[in-house]
Amino acid sequence: MTAATNFTNDLLSRRSFLRVSATAAGGLIVSLYLDLPLAAQEGGQAKPKAYPPDAFVHIKPDGKIVIQVNRLEFGQGVHTSLPMILADEMDADWAQVLAELAPAADVYKDPVFGIQMVGGSGSIAHSFQQYRELGAKTRAMLVAAAAEQWKVTTNQCRTEASVVHGPGGRSAKYADLADEAAHMPVPETVPLKNAADFRLVGKKIRRLDSRPKCNGSLKFGLDLDLPGMKVVLVAHPPTFGASPRSVDDKAARSIPGVADIFEIPTVSKGTAVAVVADKFWTAKQARDRLRIDWDLSRVERADNSQLREKYKELAGTPGNVAVARGDEKALAGIAASNRIVAEYEFPYLAHSPMEPLNTTVRYDGDRAEVWAGSQFQTVDQMAIAEILGLKPDQITFHTEMAGGGFGRRATPDSHVQREAAAIAKRFTGTPVKLVWTREDDVQGGYYRPMHVHRVEIGMGADGMPSAWRHVIVGQSIVAGTPFASFIIKNGVDATAVEGTADTHYDIPNFHVSAHHPTVNVPVLWWRSVGHTHNAFVMETLIDELATRAKMDPIAYRRKLLKPDAKKLHGTLDLMEEQSAAWRTKLPAGHAVGFSCHESFGTGVACAVDVSIENKRPKIHRVTVAVALGLAVNPLTIESQFQAGVAFGVSQLMAKGAITLKDGYVEQSNFDAYTPPYIIDAPAAVDVHIVPSTEKPSGCGEPPVPVISPAVVNALSRLTGKRYRTLPLVTV
Amino acid sequence: METYKLTVNGQPKEVAVDPGTPLLWVLREELKMTGTKYGCGIAACGACTVHVAGIATRSCVVPVSLVGDRPVVTIEGIGQDPVGRAVQDAWVSEDVVQCGYCQSGQIMGAVALLKSTPKPTDTNIEESMGGNICRCGTYVRIRQAIKSASQQLKSGGAS
Numbered sequence: 001m002t003a004a005t006n007f008t009n010d011l012l013s014r015r016s017f018l019r020v021s022a023t024a025a026g027g028l029i030v031s032l033y034l035d036l037p038l039a040a041q042e043g044g045q046a047k048p049k050a051y052p053p054d055a056f057v058h059i060k061p062d063g064k065i066v067i068q069v070n071r072l073e074f075g076q077g078v079h080t081s082l083p084m085i086l087a088d089e090m091d092a093d094w095a096q097v098l099a100e101l102a103p104a105a106d107v108y109k110d111p112v113f114g115i116q117m118v119g120g121s122g123s124i125a126h127s128f129q130q131y132r133e134l135g136a137k138t139r140a141m142l143v144a145a146a147a148e149q150w151k152v153t154t155n156q157c158r159t160e161a162s163v164v165h166g167p168g169g170r171s172a173k174y175a176d177l178a179d180e181a182a183h184m185p186v187p188e189t190v191p192l193k194n195a196a197d198f199r200l201v202g203k204k205i206r207r208l209d210s211r212p213k214c215n216g217s218l219k220f221g222l223d224l225d226l227p228g229m230k231v232v233l234v235a236h237p238p239t240f241g242a243s244p245r246s247v248d249d250k251a252a253r254s255i256p257g258v259a260d261i262f263e264i265p266t267v268s269k270g271t272a273v274a275v276v277a278d279k280f281w282t283a284k285q286a287r288d289r290l291r292i293d294w295d296l297s298r299v300e301r302a303d304n305s306q307l308r309e310k311y312k313e314l315a316g317t318p319g320n321v322a323v324a325r326g327d328e329k330a331l332a333g334i335a336a337s338n339r340i341v342a343e344y345e346f347p348y349l350a351h352s353p354m355e356p357l358n359t360t361v362r363y364d365g366d367r368a369e370v371w372a373g374s375q376f377q378t379v380d381q382m383a384i385a386e387i388l389g390l391k392p393d394q395i396t397f398h399t400e401m402a403g404g405g406f407g408r409r410a411t412p413d414s415h416v417q418r419e420a421a422a423i424a425k426r427f428t429g430t431p432v433k434l435v436w437t438r439e440d441d442v443q444g445g446y447y448r449p450m451h452v453h454r455v456e457i458g459m460g461a462d463g464m465p466s467a468w469r470h471v472i473v474g475q476s477i478v479a480g481t482p483f484a485s486f487i488i489k490n491g492v493d494a495t496a497v498e499g500t501a502d503t504h505y506d507i508p509n510f511h512v513s514a515h516h517p518t519v520n521v522p523v524l525w526w527r528s529v530g531h532t533h534n535a536f537v538m539e540t541l542i543d544e545l546a547t548r549a550k551m552d553p554i555a556y557r558r559k560l561l562k563p564d565a566k567k568l569h570g571t572l573d574l575m576e577e578q579s580a581a582w583r584t585k586l587p588a589g590h591a592v593g594f595s596c597h598e599s600f601g602t603g604v605a606c607a608v609d610v611s612i613e614n615k616r617p618k619i620h621r622v623t624v625a626v627a628l629g630l631a632v633n634p635l636t637i638e639s640q641f642q643a644g645v646a647f648g649v650s651q652l653m654a655k656g657a658i659t660l661k662d663g664y665v666e667q668s669n670f671d672a673y674t675p676p677y678i679i680d681a682p683a684a685v686d687v688h689i690v691p692s693t694e695k696p697s698g699c700g701e702p703p704v705p706v707i708s709p710a711v712v713n714a715l716s717r718l719t720g721k722r723y724r725t726l727p728l729v730t731v
Numbered sequence: 732m733e734t735y736k737l738t739v740n741g742q743p744k745e746v747a748v749d750p751g752t753p754l755l756w757v758l759r760e761e762l763k764m765t766g767t768k769y770g771c772g773i774a775a776c777g778a779c780t781v782h783v784a785g786i787a788t789r790s791c792v793v794p795v796s797l798v799g800d801r802p803v804v805t806i807e808g809i810g811q812d813p814v815g816r817a818v819q820d821a822w823v824s825e826d827v828v829q830c831g832y833c834q835s836g837q838i839m840g841a842v843a844l845l846k847s848t849p850k851p852t853d854t855n856i857e858e859s860m861g862g863n864i865c866r867c868g869t870y871v872r873i874r875q876a877i878k879s880a881s882q883q884l885k886s887g888g889a890s
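Going down the list, the sequences are from chains A and B. Quick note on the numbering used here: the first sequence kicks off at 1 and runs consecutively. Quick note on the numbering used here: the second sequence kicks off at 732 and runs consecutively.
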């Protein structure tokens, strides 16, 4: 972390309108503080929070403008798009803008969620207004400083590219005004730009972090190397919550460089064995030589075949009601020949971000310093404080660039950080880097939960569904976490039914319920969460209904969608138009598949061109249409959708499942749990954005749900079969 | 512990490590060159790809004792090479990276491909890059960037 970030962190608890201070680097940083009423605050309960621009913007004497990003960057592009928003309102010279990931602090909490986090595709949706206002207020103070200096009114000044221009050809650089600007009163409200005046927002702006990610210079959390640092690997119990009966560490201790080996508690109430060494490779060698006799007698040994039977049985009975609309008995009145009964199965899925999980902690007695690529900085900070017996503000928490995450770095129980803190506590003054190897991650739980869906549909004479009964079975992701109180209602975890219970299809008699069995497997949100399975079920069934009704699948969707589902109607129209050229002249052996789905406020429709090669779906082309309000950075959106649909193909991979047998996870690495390679991903993806000036919604998760149903809808056209069990082992 | 003399990015290096230590961990922990990434440790993801005597190699499964006198080139050094520089530039101009963690390996793979096949077809790309996982899924832009680098090199962008 740079001096500027440390500086910011130290000042966070203070309030003043000006800080001019020498940094460790020797330069001056002019910091503006001001209070900002939070327009983005929704719900009206919490008091408006103050957002001091000091914590977000530093204008350096050399003209560089450093903008703090209040989120983790792990691929999604906020490290570029949030600074764009602020810089645009500020009229900053984009070529001089640098971005930094902010440390954990109150001021960087998500304005809506109230914790510092990335999730729910909320970065732009929740911080758009916040970053605009920060930029506009900073600009207003710079203009005020110039006007005062020139004895003119602020109306006579205009700004462009980090320069204030005044009457008579006068001009002053932001860097030269920053000192004076900091003395200016902070405007309570500032006008924001009209969309037509945006210089950055709405433009295709390349990422700020590309070059260092292409020449090896960017340091991820795993690359951290501090003086005297130790590296730790942990031997976790093979079954969640188990403990060793005995540990023979003689051979492990004999390896030069091993500092210590000891037992630590795990979050799942078991015991693990930590191996502390001078280097990763030493720790790995030592861990491989541990002889541990695990006691599995007191833990539930989850097993896929048993879970499957149990889930299928549960699916036959109604669960807790998520939505009940119309006549519950409508189905009984529909002839069997006009009904579909469908049962779907979905496996556990691991996130497998490319950078293995890691966290570095240095415990100094009355303080601690942490380095982690975390999606939940303030949650993890609090957990570490608890383990170390400190207060959160005694923990300096640096946000490290992370190599992917997809939800895996947003753990309500902070299990990696708790482990790291427990280990660091025994090595006062020594930085300790805990690394989870790939095997640890694949076998370590926190999966997208396994699910079974059972759906009964009755069709009307017009071929449209008139009655729909849907039972969803799967573990609750939030049960037992602080999120439960507002996500679980009436015994239903909203993340399990999202995409079905709130469908935009107009089905008059509609009943959705859910069972949440308790299973000894930790589960977690996996990019797009419940939409991963709900969109698959809904979009494959809608396609099946369209086929039975002998209707065009796009027209069928359009007819069934509520008229007010504007985003989905807009994307269907755009997708139909943009895919027409290739859809109408598909080569022999190819078929088109469609889907549309709204998630996290973003509407998506897609068309895919699929053939079967080597008994696998070959995805030649995808046309995606997206409705997400104002497109802040169309290049980011294009990239997120191109790559996000490839990520979504994970669900279809032949080896795309985590399975358990007698309490053991059967996969341990990419050879057995295999994400899409280049050959599996779509060969071409064209992305089209529905033009809009409305409030932006997110683009991190919405690409994921649409792809797998669209691909299997195409496969169904080729083979005549329906695909209701994932992963797709055979076509 | 044994002493090994290596040539990394044209520089002579000497390390004293256990003979079984993979080249990956020698680069990362002994030479402090962390651009080469650990992703799986079993040669299944390609994040650790370096060039050994010009051949794209998974450094996580190559013991340092087997490297011998063959020169090693990593992501930190590949920009010295005209093809390497063109690929890095194409990666930036095509805005390929997302999280970026796999991209050192992707770039090393792409450079090796373009050195042997200056005008790669989609099939060449799929075969050559077939073992590199990008979990973000940036494959479409990886294809574009390889083609754009190829174009750039053909038009004499590099000497």
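Every residue, glycine too, gets a C-beta built ideally from N, C-alpha and C.
Legend entry - Sequence ranges, beta strand (DSSP E) only - wholly within the segment 326–411 of chain A, length at least 3: Counting only unbroken stretches of 3 or more residues, the beta strand (DSSP E) elements lying wholly within the segment 326–411 of chain A are 339–346, 358–363, 368–372 and 395–399, in sequence order.
Inset, instruction - Give the residues of chain B in contact with residue 99/A, contact being defined as C-beta atoms less than 8 angstroms apart. - result: In the first sequence, the residue the question calls residue 99/A occupies position 99. For residue 99/A, no chain B residue has a Cβ inside 8 angstroms of its Cβ, as the nearest lies near 14 angstroms away.
Inset, instruction - Would you mind sorting residue 339/A into buried or exposed? The rule is 16 or more other CB atoms within 10 Å of its CB. - result: As a working note, residue 339/A is residue 339 in the first sequence. Answer is exposed; the Cβ neighbour count stays below 16.
Inset, instruction - Along the alpha helix (DSSP H) that carries residue 602/A, what are the first and last residues, could you check? - result: For the purposes of this step, residue 602/A is identified with residue 602 of the first sequence, where counting begins at 1. That residue, residue 602/A, is in no alpha helix (DSSP H); its beta strand (DSSP E) goes 602–613.
Legend entry - Neighbour flag for residue 589/A against chain B, beta carbons, 8 angstroms: Against the first sequence, residue 589/A aligns to sequence position 589. No, its Cβ sits nowhere closer than 8 angstroms to a Cβ of chain B.
Inset, instruction - Indicate whether at least one CB of chain A lies closer than 8 angstroms to the CB of residue 864/B. - result: Translated into the one-based positions of the second sequence, residue 864/B becomes position 133. Residue 864/B belongs to the set of residues whose beta carbon lies under 8 angstroms from a beta carbon in chain A.
Inset, instruction - State the DSSP-derived secondary structure class of residue 34/A, mapped to helix, strand or coil. - result: Taking the first residue of the first sequence as 1, we reach residue 34/A at position 34. Since pLDDT at residue 34/A reaches only 32, below the 50 mark, its modelled position is unreliable, and no value is offered.
Inset, instruction - Spell out whether any CB of chain B is found under 8 angstroms from the CB atom of residue 535/A. - result: Residue mapping note: residue 535/A aligns to position 535 of the first sequence, counting from 1. Chain B contact via Cβ: absent.
Legend entry - C-alpha gap between residue 305/A and residue 706/A, whole angstroms: What you label residue 305/A is simply residue 305 of the first sequence in a count that begins at 1. What you label residue 706/A is simply residue 706 of the first sequence in a count that begins at 1. In a straight line, the C-alpha of residue 305/A is about 28 angstroms away from that of residue 706/A.
Inset, instruction - Mark residue 670/A as exposed unless 16 or more other C-beta atoms lie within 10 angstroms of its C-beta, in which case mark it buried. - result: Numbered from its first residue, the first sequence carries residue 670/A at position 670. Classification of residue 670/A: buried, given that the 10 Å Cβ count is 16 or more.
Inset, instruction - Tell me, please, whether the segment 361–379 of chain A touches the segment 406–423 of chain A by the rule of three or more beta-carbon pairs shorter than 8 angstroms. - result: These segments touch.
Inset, instruction - Check residue 557/A in the structure and name its three-state DSSP category. - result: As a working mapping, residue 557/A is identified with position 557 in the first sequence. Secondary structure at residue 557/A: helix, using DSSP grouped into helix, strand and coil.
Inset, instruction - Pair every Cβ in the segment 786–803 of chain B with every Cβ in the segment 362–375 of chain A, then say whether three or more of these pairs are closer than 8 angstroms. - result: Taking 8 angstroms as the limit for Cβ pairs, the verdict is that the segment 362–375 of chain A does not touch the segment 786–803 of chain B.
Inset, instruction - Label residue 287/A either buried or exposed according to how many other C-beta atoms from any shown protein chain fall within 10 Å of its C-beta, with 16 as the threshold for buried. - result: Here residue 287/A refers to the residue found at position 287 of the first sequence. In summary, residue 287/A is buried, with 16 or more beta-carbon neighbours lying within 10 Å of its beta-carbon over all protein chains present.
Inset, instruction - Could you check which residue in 466/A, 510/A, 468/A and 518/A has the C-alpha nearest to that of residue 491/A? - result: Along the first sequence, read from residue 1 onward, the residue named residue 491/A stands at position 491. A check of alpha carbon separations from residue 491/A across 466/A, 510/A, 468/A and 518/A identifies 518/A as the nearest.
Legend entry - Residue range of the alpha helix (DSSP H) that includes residue 687/B: What the structure shows of chain B is the stretch from 732 to 890, and residue 687/B is not part of that stretch, so it cannot be assessed.
Legend entry - Member of 54/A, 428/A and 580/A whose CA lies at the smallest distance from the CA of residue 364/A: Position 364 of the first sequence holds residue 364/A. The shortest C-alpha to C-alpha distance from residue 364/A to any of 54/A, 428/A and 580/A is the one to 428/A.
Inset, instruction - Measure from the C-beta of residue 68/A to each C-beta in chain B and report whether the shortest distance is under 8 angstroms. - result: Working through the first sequence from its first residue, we reach residue 68/A at position 68. Not an interface residue.
Inset, instruction - Return the CA-CA distance between residue 541/A and residue 499/A, expressed in angstroms with no decimal places. - result: For the purposes of this step, residue 541/A is identified with residue 541 of the first sequence, where counting begins at 1. For the purposes of this step, residue 499/A is identified with residue 499 of the first sequence, where counting begins at 1. Each residue's Cα considered, the two are about 13 angstroms apart.
Legend entry - Where residue 741/B falls, given that 16 or more other Cβ within 10 Å makes a residue buried: Locating residue 741/B in the second sequence gives position 10, counting from the first residue. Residue environment for residue 741/B: exposed (fewer than 16 other C-beta atoms within 10 angstroms of its C-beta).
Inset, instruction - Return the chain-ordered ranges of every beta strand (DSSP E) run that is complete within the segment 771–839 of chain B and spans a minimum of 3 residues. - result: Qualifying beta strand (DSSP E) stretches, in chain order: 780–783 and 786–789.
Inset, instruction - Pick helix, strand or coil for residue 214/A, following the three-state DSSP scheme. - result: Locating residue 214/A in the first sequence gives position 214, counting from the first residue. Here residue 214/A sits in helix by DSSP.
Inset, instruction - Please check if any C-beta of chain C sits within less than 8 angstroms of the C-beta of residue 155/A. - result: No chain C is present in this structure, whose protein chains are A and B.
Inset, instruction - Consider the Cβ of residue 173/A: report whether some Cβ of chain B lies at a distance smaller than 8 angstroms. - result: The residue given as residue 173/A occupies position 173 in the first sequence. Look at residue 173/A: its C-beta is not under 8 angstroms from any C-beta on chain B.
Inset, instruction - Could you give the DSSP three-state label for residue 480/A: helix, strand or coil? - result: Against the first sequence, residue 480/A aligns to sequence position 480. Coil at residue 480/A, not helix or strand.
Legend entry - Of the listed residues 419/A, 394/A, 528/A and 68/A, nearest to residue 264/A (C-alpha basis): Your numbering for residue 264/A matches position 264 in the first sequence. The shortest C-alpha separation from residue 264/A is found at 419/A.
Inset, instruction - Count the other CB atoms, across all protein chains shown, that sit within 10 Å of the CB of residue 116/A; report buried if there are 16 or more and exposed otherwise. - result: Against the first sequence, residue 116/A aligns to sequence position 116. That one is buried.
Inset, instruction - Pull up the CB-CB distance for residue 276/A and residue 259/A, whole angstroms please, since I reckon it's below 8 angstroms. - result: Residue numbering aside, residue 276/A sits at position 276 when the first sequence is read from its first letter. Residue numbering aside, residue 259/A sits at position 259 when the first sequence is read from its first letter. The Cβ separation is near 4 angstroms, so the contact holds.
Inset, instruction - Compare the beta carbon distance of residue 61/A and residue 145/A with 8 angstroms and say whether it is the shorter of the two. - result: Here residue 61/A refers to the residue found at position 61 of the first sequence. Here residue 145/A refers to the residue found at position 145 of the first sequence. Using a Cβ distance threshold of 8 angstroms, residue 61/A and residue 145/A do not count as a contacting pair.
Inset, instruction - Using 10 angstroms around the beta-carbon of residue 665/A, count the other beta-carbons present and answer buried if the total reaches 16, otherwise exposed. - result: The residue given as residue 665/A occupies position 665 in the first sequence. It counts as buried.
Inset, instruction - Could you tell me the boundaries of the alpha helix (DSSP H) in which residue 128/A lies? - result: Along the first sequence, one-based indexing puts residue 128/A at 128. Residues 123–150.
Legend entry - 7 angstroms Cβ shell around residue 316/A - same chain, five flanking residues per side excluded: Position 316 of the first sequence, counting from 1, holds the residue named residue 316/A. Excluding its 5 nearest sequence neighbours in each direction, residue 316/A has C-beta neighbours in its own chain below 7 angstroms: 454, listed in chain order.
Legend entry - Residues, ordered as in the chain, of the segment 827–839 of chain B that lie near chain A by beta-carbon distance below 8 angstroms: Cβ contacts with chain A come from 827, 828, 829, 830, 831, 832, 833, 834, 835 and 838.
Inset, instruction - Could you check the C-alpha separation between residue 591/A and residue 700/A for me, to the nearest Å? - result: On the first sequence, position 591 is the one that residue 591/A refers to. On the first sequence, position 700 is the one that residue 700/A refers to. Rounded to whole angstroms, residue 591/A to residue 700/A spans 28 angstroms at the Cα level.
Legend entry - Residue of 804/B, 875/B and 754/B minimising C-alpha distance to residue 843/B: Within the second sequence, residue 843/B is the residue found at index 112, counting from 1. Among 804/B, 875/B and 754/B, the Cα nearest to that of residue 843/B belongs to 804/B.
Inset, instruction - Using only the heavy atoms of the ligand NAD, determine whether one of them is closer than 7 angstroms to the beta carbon of residue 727/A. - result: Absent from the structure shown: the ligand NAD. Ligands present: none.
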